[in-house]
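K.L.:
Residue numbers for the sequence shown, in my numbering: 410 to 763.
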Amino acid sequence: MSAAAEERWSGSTLDSWRDLVLTDERRELAETVRRQFAGGFPLEAVRACFDGGSQPEGAWTAVSGAEYPSIGLPESAGGLGTLVDTAALLEAAGEVLVSAPLLATVMSLQTLARAGALPLEPARPAALAVADGPVAGRLVVLDGVLAERLTVVVPRERGVTVAQFDTADLGPAEEHRHVDPSRPVAVFDAGEVPPLSHADDPRPLDAVLAPARTALAADLTGTAAGALDRAVRHALDREQFGRKIGAFQAVKHRLADVYIAVERARSLTRAAAVALAGPSASSGTELSLLAKAAASEAAVDASRALVQVLGAMGMTFESDAHLFFRRAQQTAPFLGSAAACYRRAVAARRGVPA
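#1: Enumerate in chain order the residues of its own chain whose CB-to-CB distance from Leu-527 is below 7 Å, with the five nearest sequence positions on each side excluded.
#2: Which residues in the same chain have their Cβ closer than 8 Å to the Cβ of Leu-629, if we skip the five residues on either side of it in sequence?
#3: With the cut-off set at 8 Å, would you say Ala-619 and Leu-685 are in Cβ contact?
#4: I need the straight-line Cα distance from Val-507 to Thr-623, nearest angstrom please.
#5: State buried or exposed for Asp-433, treating a residue as buried only when at least 16 other CB atoms are found within 10 Å of its CB.
#6: Shorter than 8 Å from the beta carbon of Ala-526 to some beta carbon of chain C?
#7: Grouping DSSP H, G and I as helix and E and B as strand, with all else coil, what is Glu-434?
#8: Looking only at its own chain, which residues have a Cβ that is under 6 Å from the Cβ of Ala-556, when we skip the five neighbours before and after it?
#9: Using DSSP with H/G/I as helix, E/B as strand and the rest coil, what is Thr-570?
#10: Where does Arg-622 fall in DSSP's three states?
#11: Which ranges does the alpha helix (DSSP H) cover as unbroken runs of at least 4 residues, wholly within the region 469–547, from first to last along the chain?
#12: Which residue wins for smallest C-alpha separation from Leu-732, given the options Ala-633, His-662, Gly-481?
#13: Would you mind working out which of Asp-578, Val-505, Gly-760 sits nearest Ala-447, comparing C-alpha positions?
#14: Ignore the nearest five residues each way along the sequence and tell me which others in Ser-419's own chain have a CB closer than 6 Å to its CB.
#15: Where DSSP assigns a beta bridge to Arg-365, which residues make up the other side?
#16: Please report the Cβ distance between Leu-696 and Cys-750, rounded to the nearest whole angstrom; I am assuming they are in contact, meaning their Cβ atoms lie under 8 Å.
#17: Just list the residues that DSSP pairs His-607 with in beta bridges.
#18: Here's the rule: buried if 16 or more other CB atoms are within 10 angstroms of the residue's CB, otherwise exposed. What is Met-516?
#19: Would you grab the beta carbon distance between Phe-766 and Pro-593 for me? Rounded to a whole angstrom, and I think it's under 8 Å.
#20: For the beta strand (DSSP E) that contains His-585, what are its first and last residues?
#21: Go to Val-588, then tell me how far its alpha helix (DSSP H) extends in each direction, as first and last residue.
Given below as structure tokens:
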């Protein structure tokens, strides 16, 4: 970079955009997560959830013991880094389909921290829900079966209210296994239960949910990257008609398109995390919506490509392909479909209601 360019990009702006490139520390964190969960909780543990089992015993203990949920929290709450570090962590976890409520807990904690609602308890598994109106009915919660705390965001005429509940006060959750039993959906009956704490935030709903959406985008980007990696390895190994199938244009072009989608999602997610971790987080709202939309599309497309490249094997229950496909299908709609997020991003840019 020239001296003139260095001067033009000096200060916090240059430092922030340098964060888009993973530091050695973040690469080491991501690799540690991959090794820990790939070794201790391989895909066989995820597969066990489809045979009537539950999330692997010890998974949450490993997550909380390593203090992963608190990494992106403020220092006053025991945080060890920024949302950029959290995004790197969740992408690595998404690659190996971690079957523990790590994502749900991070989204809950990030939303509480964003709204200034206390206390923050990263050692407890938690989950996040967005209510359509007053919290007095049934709440559908992604990966909330093990949650001890439930964060509920309630839109108001101006701003939102963020409330935290003890799930023991809400009664037992109804578990709905749906598409991906390794990340089950829980339904709570909120009734008239008073919250443990709450905070009013004058910012729009999308601004309050921006860190949670960015975390969700990182997880989906990891799922997409994991599916793509397996598809590429199969294409480089499998032979048909005397050639590796990766040599055929129909395969290589399909995987190239998926690679572009994954890199787009990764870039937008890191940009959103950098913006939200910076001194002015206003641009982070729009970027978080774009990141979530791109990551949802990438995860669904990459998991489909994995099934296609594997051919007949990809259609079998014994293949790992359906694990990635199910995870993408289950997670992608949460906090808004890709189309909804694009629409809300345009509205945020124009300053009009979504």
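The beta carbon of each residue, even a glycine, is placed where N, CA and C say it ideally should be.
P.N.:
Checking against the coordinates, here is how it stands:
#1: Excluding positions up to five away in sequence, the list reads Ser-606.
#2: In its chain, beyond the 5 residues on either side, Gly-503, Ala-674, Lys-701, Ala-704, Ser-705, Ala-707, Ala-708, Ala-737, Thr-740, Ala-741 have a beta carbon closer than 8 Å to the beta carbon of Leu-629.
#3: A contact, by the Cβ cut-off of 8 Å.
#4: One C-alpha to the other measures close to 18 Å.
#5: Asp-433 comes out exposed.
#6: No chain C appears in the structure shown, which is made up of a single protein chain.
#7: Helix.
#8: Non-local C-beta neighbours of Ala-556 in its own chain, meaning closer than 6 Å and more than five positions away in sequence, comprise Pro-534, Ala-535, Ala-536, Thr-576, ordered along the chain.
#9: In the structure shown, Thr-570 falls within a strand segment according to DSSP collapsed to helix, strand and coil.
#10: If DSSP states are grouped into helix, strand and coil, Arg-622 belongs with the helices.
#11: The qualifying runs are 492–504, 511–524.
#12: Nearest to Leu-732 by alpha-carbon distance, out of Ala-633, His-662, Gly-481, is Ala-633.
#13: The option with the nearest alpha carbon to Ala-447 is Val-505.
#14: Reliability fails at Ser-419, whose pLDDT of 38 lies under 50, so the model's placement of it is uncertain and the value that follows must be treated cautiously. Correct list: empty, nothing qualifies.
#15: Lying outside 410 to 763, the shown extent of the chain, residue 365 is not represented and no answer is given.
#16: Contact flag wrong, Cβ pair sits at about 11 Å.
#17: DSSP lists Ala-572 as partners of His-607.
#18: Classification of Met-516: buried, given that the 10 Å Cβ count is 16 or more.
#19: Absent from the structure is residue 766, since the part of the chain shown begins at 410 and ends at 763.
#20: That run of the beta strand (DSSP E) goes 583–585.
#21: According to the DSSP assignment, Val-588 belongs to no alpha helix (DSSP H), since it is labelled neither H nor E.
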